[in-house]
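*Asks:*
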Amino acid sequence: MSARIAFDDGLLAEDCLTAVPGVRLRRLTPADAAALAAGLNDLEVSKNLVAVPHPYGPEDAAVFLKGPAASPHMLCAGLWVDDSFAGCVAIDATAGFPELGYWLVRAHWGRGIVSAATRAIVDLAFGATRIEKIVSGHFVDNAASAAVLRKLGFKPAGVVETRSRARAEPVRLVAMNLDRETWEADRPTIETSRLVMRPPLMTDAEEIAALANDGGLPLTTAATPRVRRPEEARAFVLEALRRGFPREASFCMRLKEGGALVGGVGWREAGADEVELGYWLGADHRGVGLATEAARAALEAAFETTGAATVKACCRLINSASRGVLERCGFQWAGAGHMRAQTSGGPAPVDRFRLEREVFFSLKAWGAAAIRTGQAPGPSARRPVALG
Ligand SMILES: CC(C)(COP(=O)(O)OP(=O)(O)OC[C@H]1O[C@@H](n2cnc3c(N)ncnc32)[C@H](O)[C@@H]1OP(=O)(O)O)[C@@H](O)C(=O)NCCC(=O)NCCS
């Protein structure tokens, strides 16, 4: 691996959502200098960081924003809580292995915010690049930071002596590492009898485009992504990486046997207590029940991880195969309408469907899927269910 990874400027072109509602990552701009300085000019924050002096003023923040934060070797995001600036998370690859750092203004501590924000940036970095390992560390007296790193899967790699600029004294630091293999094993995964489904990585983009462009019409639902061209597939993967599982989720469907990519399934928020399901299959894989198998498992995962009371879905009027999938999952017809289907370019007549949680679980005689989310249900889960 090259020592100096360069992060694509587009990774933070749009806000990156996290599992905690209202908490998002956003590209920093010079206009954030005053807020950054106000947050970092707190010894309770800076004494836990290596390079931040105390006191810390707007001019320090301006230098940071023009220099390190603007480097292509640094993936640096501001942390916003309900549209107020609240801290930073960054992966710095300017020297050696990419290094994760983070801080949060004191008023927000203890609400799971940094756990969600660091997971989002780690997922973005591993998902969008070929990084093999992310390193980090915490001072020996920083138990909260130790807990954040442990929950992400970081493992201790030794204790080193360093200096804290704010404390102006040497401090012992516990070095922590997270390798790609450990991260991959912890990603959300849904398994059914024939399929294994995981969120897409940038390395899947070309395969996704090739499958979606295999000659047949995609099995369109309104939530089906436009992924026929490689650049569309890359944009779709980036979008998926920025969406903040479990509130929104996208999975590549692969056959357990042989590993071939056969389609995609996912959900997105659609109002209070409701998510919308979408799915598609490559033309060669239709007609053997894979969409129903994937949709049932995704519904179970969506109900369990989001706590939604209902799932909605819609299918084009002409798409009787998709209607069959929804009906076999227990969806009830909820009216007709028009929708701008992503893949059709214009408004298309659709049938709308809805499925209530109670109906789904009472019909679920078809057997449970094995779902691993790699994280405890976030605060967004309105009815948390512990998943193994
Ligand atoms: C460390 C810091 C980033 C944590 O942010 P946060 O949003 O409060 O963290 P979270 O709420 O996501 O998680 C904190 C975890 O630490 C645990 N924790 C907090 N204080 C603790 C303590 N004194 N002892 C043990 N665990 C503690 C919490 O219980 C939680 O773990 P849990 O979810 O398993 O219960 C924040 O305190 C901060 O900015 N500190 C100053 C800067 C800093 O330390 N940066 C990291 C440098 S390595």
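What the sequence shown shows, in the UniProt record's numbering, is residues 1 to 388, in sequence order. In this text, a Cβ means the ideal position worked out from N, Cα and C, and glycines have one as well.
Tell me where the alpha helix (DSSP H) around Trp183 begins and ends.
*Replies:* Per DSSP, Trp183 belongs to the alpha helix (DSSP H) from Arg180 to Ala185.
*Asks:* According to the neighbour-count rule (16 or more other Cβ atoms, all chains shown, within 10 Å of its Cβ), is Leu363 buried or exposed?
*Replies:* Looking at its Cβ environment, which holds fewer than 16 other Cβ atoms inside 10 Å, Leu363 is exposed.
*Asks:* Considering only residues of the same chain and omitting the five flanking positions on each side of Glu232, which have a CB-CB separation below 6 Å?
*Replies:* Closer than 6 Å at Cβ, skipping near neighbours: Arg226.
*Asks:* Identify the residues that DSSP records as bridge partners of Val160: which are they?
*Replies:* Leu173.
*Asks:* Determine, using beta-carbon pairs with one atom in the stretch 80-96 and one in the stretch 33-49, whether at least three such pairs fall under 8 Å.
*Replies:* Verdict: yes, contact present.
*Asks:* List the whole-angstrom C-beta distance separating Ala125 from Ile134, where the pair is believed to meet the contact cut-off of C-beta under 8 Å.
*Replies:* Rounded, the Cβ-Cβ distance is 7 Å, consistent with contact.
*Asks:* Please classify Thr18: does DSSP put it in a helix, a strand, or coil?
*Replies:* Thr18: coil per DSSP, three-state reduction.
*Asks:* For ligand 1, is there any heavy atom lying closer than 6 Å to the beta carbon of Gly110?
*Replies:* Yes; taking the cut-off as 6 Å, the Cβ of Gly110 has a heavy atom of ligand 1 nearer than that.
*Asks:* When DSSP builds the beta bridges, which residues end up paired with Tyr56?
*Replies:* DSSP output for Tyr56 lists no bridge partner at all.
*Asks:* Using only CA atoms, which one of Val262, Val114, Phe139 and Glu169 lies nearest to Val160?
*Replies:* Nearest of Val262, Val114, Phe139 and Glu169 to Val160, Cα basis: Phe139.
*Asks:* Please indicate yes or no: does the CB of Trp103 lie closer than 6 Å to some heavy atom of ligand 1?
*Replies:* For ligand 1, at least one heavy atom lies less than 6 Å from the Cβ of Trp103.
*Asks:* Looking at ligand 1, does it come within less than 6 Å of Val148, judged from the CB to the closest heavy atom?
*Replies:* Indeed, a heavy atom of ligand 1 lies less than 6 Å from the Cβ.
*Asks:* Does Ala146 get closer than 7 Å to chain C when you measure Cβ to Cβ?
*Replies:* This model lacks chain C altogether; it includes just one protein chain.
*Asks:* Say whether the stretch 201-214 touches the stretch 253-263, bearing in mind that this needs 3 or more beta-carbon pairs closer than 8 Å, one atom from each stretch.
*Replies:* Verdict: yes, contact present.
*Asks:* Under 8 Å, with one C-beta from each stretch per pair, do the stretch 235-251 and the stretch 300-310 reach the 3-pair mark?
*Replies:* Yes: the two stretches touch, three or more of their Cβ pairs being nearer than 8 Å.
*Asks:* Tell me which residues share the same chain as Ser115 and place their Cβ nearer than 6 Å to its Cβ, disregarding the 5 neighbours each side in the sequence.
*Replies:* Val148 and Lys151.
*Asks:* Give the range of the beta strand (DSSP E) segment to which Arg334 is assigned.
*Replies:* The sequence given here places Ala at residue 334; Arg does not occur at that position. Counting along the chain, the beta strand (DSSP E) containing Ala334 begins and ends at Gln332 to Arg340.
*Asks:* Rounded to a whole number of angstroms, what is the C-alpha to C-alpha distance between Phe360 and Gly330?
*Replies:* Taking the straight line joining both Cα atoms gives about 6 Å.
*Asks:* Report whether the distance from the Cβ of Ile190 to the nearest heavy atom of ligand 3 is below 6 Å.
*Replies:* Among the ligands present in this structure, namely ligand 1, ligand 3 is not found.
*Asks:* With contact counted as at least three CB pairs below 8 Å, one residue from each stretch, are the stretch 72-80 and the stretch 8-26 in contact?
*Replies:* The answer is yes - the stretch 8-26 touches the stretch 72-80, with three or more Cβ pairs under 8 Å.
*Asks:* Please report how far the alpha carbon of Ala6 lies from the alpha carbon of Ala69, in whole angstroms.
*Replies:* Answer to the nearest angstrom: the Cα atoms are 13 Å apart.
*Asks:* On the DSSP bridge assignment, give the partners of Met197 in chain order.
*Replies:* Answer by DSSP bridge pairing, in chain order: Ile190 and Met253.
*Asks:* Please state whether DSSP places Ile225 in a helix, a strand or coil.
*Replies:* In the sequence as displayed, the identity of residue 225 is Pro instead of Ile. Three-state DSSP puts Pro225 in coil, outside helix and strand.
*Asks:* Near Leu195, what residues of its chain come up, given a Cβ to Cβ distance below 8 Å and the 5 sequence neighbours on each side ignored?
*Replies:* Only Met253, Arg254, Leu255, Lys256, Val262, Leu290, Glu293, Ala294 and Ala297 meet the Cβ criterion.
*Asks:* Quick one: what does DSSP say His73 is sitting in, helix, strand or coil?
*Replies:* His73 falls in the coil class under three-state DSSP.
*Asks:* What are the boundary residues of the alpha helix (DSSP H) that includes Pro230?
*Replies:* Here the alpha helix (DSSP H) through Pro230 covers Pro230 to Leu241.
*Asks:* So does Ile134 have its beta carbon nearer than 6 Å to some heavy atom of ligand 1?
*Replies:* No, the Cβ of Ile134 stays beyond 6 Å of every heavy atom of ligand 1.
*Asks:* Mind checking whether the beta-carbon of Val45 lies closer than 6 Å to any heavy atom of ligand 1?
*Replies:* Yes - ligand 1 has a heavy atom lying nearer than 6 Å to the Cβ of Val45.
*Asks:* Near Leu317, which residues of its chain fall below 8 Å by C-beta distance, leaving aside the five closest residues on each side in sequence?
*Replies:* The residues are Ala336, Ala348, Pro349, Val350 and Asp351.
*Asks:* Taking DSSP as the reference, what is the three-state secondary structure of Gly127?
*Replies:* Note: Gly127 maps to helix in three-state DSSP.
*Asks:* Decide if Thr29 is buried, meaning its Cβ has at least 16 other Cβ atoms within 10 Å, or exposed.
*Replies:* The residue in question, Thr29, is exposed, as its Cβ has fewer than 16 Cβ neighbours within 10 Å.
*Asks:* Could you have a look at Asp9 and say whether DSSP puts it in helix, strand or coil?
*Replies:* Of the three classes helix, strand and coil, the one that applies to Asp9 here is helix, per DSSP.
*Asks:* At a threshold of 6 Å, does Ile318 count as lining ligand 1 (C-beta to nearest heavy atom)?
*Replies:* Checking the Cβ of Ile318 against ligand 1 gives no.
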